[in-house]
Amino acid sequence: MEIAVLLKQVPATESSIEIADGDAAIKTDGINWVMNPYDEMAVEEALQIRTALGGSVTVMTLGPEKSVEALRTALAMGADTAVRIDPEGKTLDGLATANVLAGELKKGAFDLVIAGHRAVDDDNFQVGPAVAEFMGIPHVSMVIAEEIADGKIRCTRTIEGGTLVLETALPALITTQRGLNEPRYASLPGIMKAKKKPIDTRPLSETGTEVGEPMVKTIALRLPPERKRGRVIDGDSAAAKAAALVKTLREEAKVI
13 MEIAVLLKQV
23 PATESSIEIA
33 DGDAAIKTDG
43 INWVMNPYDE
53 MAVEEALQIR
63 TALGGSVTVM
73 TLGPEKSVEA
83 LRTALAMGAD
93 TAVRIDPEGK
103 TLDGLATANV
113 LAGELKKGAF
123 DLVIAGHRAV
133 DDDNFQVGPA
143 VAEFMGIPHV
153 SMVIAEEIAD
163 GKIRCTRTIE
173 GGTLVLETAL
183 PALITTQRGL
193 NEPRYASLPG
203 IMKAKKKPID
213 TRPLSETGTE
223 VGEPMVKTIA
233 LRLPPERKRG
243 RVIDGDSAAA
253 KAAALVKTLR
263 EEAKVI
């Protein structure tokens, strides 16, 4: 099995986010950058499939120089090779990103492509399925279990109120959902080996994929409004408190 994993470097969820001047981006100073959590599951699933069926795992990202850290994390977990496409300062939306990644994947002979079903920074759920469309291969999203046999992959995916089992022929693309696996921690020997592994870096201008102006642009970012402080209803008894609460809801909140 030749497996490709698409990953993205994102701000850690515990990072304190501030909006930069211009209101269309975040301040990057002091942010802890990590591999997207759903992409960690993608790497783990690829490694488990390789253990069971043999083959190799290639991790790929489209990102600036600092995204090498996410690739090295994947290499430390056990991935075999890594590819970084340098955007050369260009801003790409999800569709353009998918087009570039698909173009690079077509140059290989991958049986399976795995990606996180969303990135926790922009939440657009777009890149994985769009890559499959550009490649002309089937995809199954939000997978929580998979089984490969006889040139096919059978996936259990989440749907509203339950699960759905789907089967498709390989090559195919799947995206990961929570519950699929528990990503491993990189071992110290793995980390040391990852530092020595080469990363194949390819400039966007040399990929052969035409990238025009983004179809989607970030116009402005806004932090959510601060929540108002809660109010404690006083009273000498439960009945008095209930009466005071009803009065407040009717006269002040005007919800009843």
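Our numbering applies: residue 13 is where the sequence shown begins, and numbers increase by one.
Cβ coordinates follow ideal geometry from the N, Cα and C atoms, glycine included.
These numbers were taken from a predicted model, which means no experiment stands behind them.
On the three-state DSSP scale, how would you describe S217?
helix
Could you compute how far the alpha carbon of A2 sits from the alpha carbon of A256?
Given a span of 13 to 268 for the chain in the structure shown, any question on residue 2 remains unanswerable.
Would you grab the beta carbon distance between V132 and P49 for me? Rounded to a whole angstrom, and I think it's under 8 angstroms.
6 angstroms
If we count the other Cβ atoms within 10 Å of its Cβ and call it buried at 16 or more, is G220 buried or exposed?
exposed
Please report whether the beta-carbon of T63 lies at a distance below 9 angstroms from any beta-carbon of chain E.
Absent from the structure is chain E; it holds one protein chain and no more.
Could you please give the first and the last residue of the uninterrupted alpha helix (DSSP H) stretch that includes I61?
49-65
Using 9 angstroms as the threshold, is the C-beta distance between T70 and A94 below it?
yes
Give me the DSSP bridge partner(s) of K164.
A161, A181
So, do the segment 95-111 and the segment 138-153 have three or more beta carbon pairs nearer to each other than 8 angstroms?
yes
Could you tell me the alpha carbon to alpha carbon distance between S153 and D123, rounded to whole angstroms?
17 angstroms
contact_flag[the segment 18-30, the segment 70-84] where n(CB pairs < 8 angstroms) is 3 or more:
yes
Taking V17 as part of the beta strand (DSSP E), name the residues at either end of that continuous run.
14-18
Is DSSP giving P141 helix, strand or coil here?
helix
Roughly how many angstroms lie between the CA atoms of N136 and L104, to the nearest whole one?
13 angstroms
Quick one, are the C-beta atoms of A181 and K164 less than 9 angstroms apart?
yes
Opening and closing residue of the alpha helix (DSSP H) in which I203 lies:
200-208
Residue burial classification, R190 (beta-carbon count within 10 angstroms, cutoff 16)
exposed
Completely contained beta strand (DSSP E) runs for the segment 97-133, where each covers 3 or more residues:
124-128
Count the other CB atoms, across all protein chains shown, that sit within 10 Å of the CB of E218; report buried if there are 16 or more and exposed otherwise.
exposed
Mark V244 as exposed unless 16 or more other C-beta atoms lie within 10 angstroms of its C-beta, in which case mark it buried.
exposed
Restricting to Cα atoms, I'd like to know which of I31, D33, A82, G66 is closest to D51.
A82
Hey, I149 and P183: beta-carbon distance below 9 angstroms or not?
yes
Cβ neighbour criterion (16 or more within 10 Å) applied to T230:
exposed
Ordered along the chain, which non-local residues of its own chain (more than five positions away) have a Cβ less than 7 angstroms from that of D92?
S68, V69, T70
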